[in-house]
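Chemist: Okay, here's the structure, questions in a sec.
Protein chains in written order, with our numbering: chain E, 9 to 289; chain P, 3 to 327.
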């Protein structure tokens, strides 16, 4: 059984485009959600599921040896659901029930409600600790999996992130690979204006991590960086990838306006966005 | 502490936390999937007993309760059964949201141990005391909440925890509690309150050390010809509606005693059940909107009205109200 999906670049670009369209449709239909935060992470998540990085079995979501992916920035739930659906965890129709009463497709991910969702997130700052736990458990169970955590930049203001960062280095969690979707905006404004993260790379290095930087929208570069990070697992140092991204990537007028955080596009905007995303499928 | 003396209970020379440590070690020996997480208080909670024998399954995450809970939940995701241990106050107050998302909402199989519950840790003072832990746990709907009342029931609860579906909270304590039950074949079933003394005139419902105190009060009441039923409400959720309702109907008056704030505590939940099913006169023994101070536990329980004398007085009031109604 092949547990890795490795698409070529052309296919990956098409997958990324489809995911953006799904996110648009999901949040527009729901009338709420976080499209811009989801769009900024599309290449990062596509690289993991379709770029030959994660080992997973959609028909056996709790396969003990699976690589873990924890979406710590839980507001990017639409992206997570869209990617899981495309990976084969559940039928695409479920996406259109996002945020509806009676649907397991919750506004933020709830572990156990949808296959493939590894963690309950949405109250920010919590995912990295879970990643450390999965690493310790994998070690104890003598399993070889890797643990990937996608962090938002704003949530790195939370103390728990740094508690987990310290613990990961202490426990020599070389197979813990955290990526930050560094789109430079949190809900209320530019991070540099609100609560600045810089010098971000120095902070993580000083906590004992190996730090890499990448353009988070160049999918082949992202895949290369994830591959490198995985090769460095034996160093025993946890790996941190700073992925420079653009909030709202793919739709020009959303990229230009950070206030789209936490709101869906209205029907006119959605039609424009669909056009920009070349939405003929 | 003179817990259980009037009732003639056999004293235990070890604090309940030591009993917890023994029980945890037993469970770790029996089940290799059990892992223990510590917030750098293993020598106080006695979770460290496991560290000595199974260092590879013991993780001191340090003084970082949020991370402690998250790492524990991650270990559950990796197929292990975590016991996440610290002081009740620090764990719940520091990491409530982490417990809410990663444990309660995710409905993982895990046990949270809140040690040093109540005020009887004594001299370390109110910063360390867990007087709000049961109210906080009450706000997490998927949790089974357990408050053992003696060494045997602590063993039974810790042993049962990994067999319970979903998350479990067990309160531990720094004081010794006398034996209410035999250590072998302990009559203890999660969610099933134990009638530890029969009586027809009123019922004293307690948890933790207040069960022994309640038995002492019942002995005092007996001297006045009042026969009190005493119920060990060891499982706070799911609460044993049947036993509580039967007690209210059959004895006609109820006292609830807890080493906890009355606001949001056990008594308010028992009262809800009784109000819905069989309203009778009730009295409550517990902390009344106050932070306790440092002091010897014997002095504290007297000053803050958590003794068998206080239960006795409350029982007399409830009994009088029953006669008048």
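We put the beta carbon where it would ideally sit given N, CA and C, even for glycine.
1) Note down, in chain order, each residue of its chain lying with its Cβ closer than 7 Å to the Cβ of residue 14(P), except the 5 sequence neighbours on either side.
2) Can you tell me the Cβ-Cβ gap for residue 80(P) and residue 141(E), rounded? I've got them flagged as a contact below 8 Å.
3) Just reading off the alpha helix (DSSP H) that residue 168(E) is part of, what are its end residues?
4) Examine chain E for any beta-carbon lying closer than 9 Å to the beta-carbon of residue 216(P), and answer yes or no.
5) Could you name the residues of chain P that residue 171(E) contacts, counting a contact when the two beta carbons are closer than 7 Å?
6) Give the single residue among 293(P), 225(P), 25(P), 287(P) whose Cα lies nearest to the Cα of residue 134(P).
7) Hey, residue 79(E) and residue 205(E) are a contact pair by Cβ (cut 8 Å); roughly how many whole angstroms apart?
8) Check whether chain E comes within 9 Å of residue 142(P), counting only Cβ atoms and requiring the distance to be less than that.
9) In terms of residues, what are the limits of the beta strand (DSSP E) holding residue 117(P)?
10) Cβ of residue 126(E) less than 9 Å from any chain P Cβ?
11) Starting from the C-beta of residue 296(E), find all residues in its chain whose C-beta is less than 7 Å away, skip the five residues before and the five after it, and write them out in chain order.
12) At a CB distance below 7 Å, what residues from the segment 84-112 of chain P approach chain E? Give them in sequence order.
13) Leaving out five residues on either side along the sequence, give the residues of the same chain with a beta carbon under 7 Å from the beta carbon of residue 253(P).
14) Taking the alpha-carbon positions, what's the residue 56(E) to residue 136(P) distance?
15) Who are residue 87(P)'s beta bridge partners in DSSP?
16) Answer yes or no: do residue 43(P) and residue 73(P) have a C-beta to C-beta separation smaller than 9 Å?
17) Please report the distance separating the alpha-carbon of residue 271(E) from that of residue 157(P).
18) Between the C-alpha atoms of residue 266(E) and residue 104(E), what's the straight-line distance to the nearest angstrom?
19) How many angstroms separate the CA atom of residue 225(P) from the CA atom of residue 317(P)?
20) Starting from the C-beta of residue 44(E), find all residues in its chain whose C-beta is less than 7 Å away, skip the five residues before and the five after it, and write them out in chain order.
21) Using DSSP's beta-bridge definition, name the partner residues of residue 181(P).
22) Please state the DSSP three-state secondary structure of residue 234(P).
23) Just grab the DSSP bridge partners of residue 35(E) for me.
24) Does the beta carbon of residue 76(E) come closer than 9 Å to any beta carbon on chain P?
25) Give the straight-line distance between the Cα atoms of residue 184(P) and residue 322(P), rounded to the nearest whole angstrom.
26) Below 8 Å on the Cβ atoms is my contact criterion, and I expect residue 106(P) with residue 59(P) to pass it. Report the Cβ-Cβ distance as a whole number of Å.
27) Which residue marks the beginning of the beta strand (DSSP E) containing residue 198(P), and which one marks its end?
28) Out of 70(P), 263(P), 115(P), which has the shortest C-alpha to C-alpha gap to residue 374(P)?
Modeler: The relevant details are as follows:
1) 153, 178, 179, 180, 181
2) 7 Å
3) 167-178
4) no
5) 66, 68, 69
6) 293(P)
7) Not really, about 20 Å apart at Cβ, beyond 8 Å.
8) no
9) 113-117
10) yes
11) This structure does not reach residue 296(E), given that chain E is present from 9 up to 289, and the question cannot be answered.
12) 99, 100, 103, 104, 107, 108, 109
13) So the list reads 201, 202, 203, 204, 205, 231, once near-sequence residues are dropped.
14) 42 Å
15) Its beta-bridge partners are 40(P), 115(P).
16) no
17) 51 Å
18) 25 Å
19) 13 Å
20) 255, 256, 262, 268, 269
21) 12(P)
22) Correct three-state label for residue 234(P): strand.
23) Residue 35(E) pairs with nothing; no bridge assigned.
24) Under the Cβ distance rule, residue 76(E) counts among the residues neighbouring chain P, one pair being separated by less than 9 Å.
25) 35 Å
26) With a Cβ gap of about 24 Å, residue 106(P) and residue 59(P) do not count as contacting.
27) Secondary structure note for residue 198(P): its beta strand (DSSP E) is the uninterrupted segment 196-199.
28) With chain P covering 3 to 327 only, the question about residue 374(P) has no answer from this structure.
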